[in-house]
Amino acid sequence: MDALTVKKLRECKLDNNGELYDPASGETFKDIDALTVEEVKIFVEG
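Residues in the sequence shown are numbered from 1067 upward in steps of one, following this note's numbering.
(1) With a threshold of 8 Å on Cβ separation, who are the neighbours of Glu1104 within its own chain once the five nearest residues in sequence on each side are excluded?
(2) Could you please give the first and the last residue of the uninterrupted beta strand (DSSP E) stretch that includes Leu1086?
(3) From the DSSP secondary-structure annotation, give me the bridge partner or partners of Thr1094.
(4) List the endpoints of the continuous alpha helix (DSSP H) containing Thr1071.
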């Protein structure tokens, strides 16, 4: 996984629809169901 993806995962917030979004831009990054185990760990560690 590249450094940019890791950075985005750490900065993302989870919305009510189960999607990760960038709070600065409001842009949806990824659906929570589409995350890999490694991505979930990075997001949770935030």
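Beta carbons are placed, not taken as given, at the ideal position from N, Cα and C, and that holds for glycine.
On the basis of the coordinates in this document:
(1) Your numbering for residue 1104 matches position 38 in the sequence shown. The answer, listed in chain order, is Met1067.
(2) Here residue 1086 corresponds to residue number 20 of the sequence shown, with the count starting at 1. Residues Glu1085 to Tyr1087.
(3) What you label residue 1094 is simply residue 28 of the sequence shown in a count that begins at 1. Answer is Tyr1087.
(4) Your numbering for residue 1071 matches position 5 in the sequence shown. Segment Ala1069 to Glu1077, the alpha helix (DSSP H) holding Thr1071.
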